[in-house]
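A short write-up of the structure that comes next.
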Amino acid sequence: MKYLLSLLILFCLGCETIIEVDPPEYNSKHVVTSFFSPDSTWSVTLHRSLGATVKRDVTSEYITDASVTIMDGSNMVDILNYQGDGRYVSSTGKLPGNGTMYTLRVDYTGYASIEAVSAAPPPVIISDYSIEFIPRSESDPFSTSRYQLRIAFSDISDMNNYYRVGAYRRIRDRRLGAAESDSVYEPVSFEGLNLGWSCGYSSDQEVVDPIDGIAVLVICDEYVVTDRRFDGEDYSWSGTTFGNVSDQSGRKELRLVLSSLSEEYYRYLYSLERNVSHDPLIEEPFPMYSNVSGGLGIFAGYTNTTLVLPFPDE
């Protein structure tokens, strides 16, 4: 009887029914992508979305004949012209202002208008900064010299604020076709331990109050924080780098960028990181944030405050 039961179980496991399921027809939507700031002219990319099972060249989905305008209330700010690859750019060379709520409007023959609203926040005021060279410990053969950077800035009260900090060094552009004098900015990683800051937008490595003197050090290219802990107060970020801080000319300097992000910018990047890092075997996809009415995508403002920091000699 025992062997008969085993054979029956094996027989059942060996039986399978293949059911072919036709996925529902996918209805393509128009997708808007635009991140704007006061230091660059208006630019918007438009394309049609593709379903997961659709096999088609994405370049064929660029929208080439839309009417794209930027509005400030009822006032026309700019008209964007098509430049190729789905990209529309300013026809006037005007720059966005900070603190102004802009409306993006896209009209496309045969479809309802697409609209999205956002503003570039006021720039962050950096009230203080310091750079300290820390030599390697002679008593520790495994230690290395490093630089510690600290910045302090003022938060605007009575509004939700989102900040991002990163540092970059200029290096030679070694991409194919680049000229000898061409350069690019490369992010510099920092080891940080700052209350409330996280590595990226959705990292679970947010630094919290240390327990029993134990805290986690995080090495990251980009740190992000919201002002829920320090609304209207001065706040700071500090980090230590062990990397090379010299530019392509040998000068020891970094370009520090402290960005003030709109809520739309923060929520979109948060949802994007959650989707990129999710495990499809155990997690459902995280819903992508969109502030676009009549379509998909993002229209979001941000403002950069930049410091060029010379580093002390060793």
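Residue 230 in this note's numbering is what sits at position 212 of the sequence shown, and the numbering runs on without skipping anything. Yeah, the Cβ is synthetic: ideal placement off N, Cα and C, and Gly gets one too. It should be emphasised that the depicted structure is a prediction, and the values quoted were computed from it without experimental measurement.
Secondary structure at TYR286: helix, using DSSP grouped into helix, strand and coil. DSSP, reduced to helix, strand and coil, places SER295 within a helical segment of the structure shown.
With a 10 Å radius around the Cβ and a threshold of 16 neighbouring Cβ atoms, ASN99 comes out exposed. In this structure ILE81 is not in contact with GLY102, their Cβ atoms being roughly 12 Å apart against a cut-off of 8 Å. Comparing alpha carbon positions, the residue from PRO303, GLU282, PRO205, GLU301 closest to THR51 is GLU282. Comparing alpha carbon positions, the residue from TRP215, LEU213, TYR307 closest to ALA134 is TYR307. Judged by DSSP in its simplified three-state form, THR77 adopts helix. SER136 is a Cβ neighbour of TYR120, given a cutoff of 9 Å. Listed in chain order, the non-local C-beta contacts of VAL86 below 6 Å within the same chain comprise VAL62, LEU98, TYR106, VAL124, local neighbours out to five positions each way being set aside. For GLU291, the CB contacts under 7 Å within the same chain, skipping 5 residues up- and downstream, are GLY218, TYR219, SER220 in chain order. Assignment of GLU302 by DSSP, reduced to helix, strand and coil, places it in the coil class.
Proximity to LYS47 across ASP57, SER55, LEU68 peaks at LEU68, based on C-alpha coordinates.
ARG74 is classed as exposed because its beta carbon has fewer than 16 other beta carbons within 10 Å across all chains shown. Counting other Cβ atoms within 10 Å of its Cβ, GLY91 stays below 16 and is therefore classed as exposed.
Within a 10 Å sphere around the beta-carbon of SER216 sit 16 or more other beta-carbons, which makes this residue buried. Taking C-alpha positions only, ASP173 is separated from GLY128 by approximately 46 Å.
Taking the CA atoms as reference points, LEU272 sits about 14 Å from GLU240. For TYR126, there is no enclosing beta strand (DSSP E), since its DSSP letter is neither H nor E. Around ASP191, the same chain offers ASP200, SER201, VAL202 as residues with beta carbons nearer than 7 Å, after the five sequence neighbours per side are excluded.
DSSP, read as helix, strand or coil, puts ARG247 in helix.
Going by DSSP, THR51 is part of the beta strand (DSSP E) stretching over 48-54. When GLY268, SER256, GLY195 are compared, the shortest CA-CA separation from ILE189 is found for GLY268. Taking all protein chains shown into account, GLY319 has 16 or more neighbouring C-beta atoms within 10 Å of its C-beta and is therefore buried. Taking each of GLY313, ASP158, ILE143 in turn and checking the Cα distance to LEU64, the smallest one comes out for GLY313.
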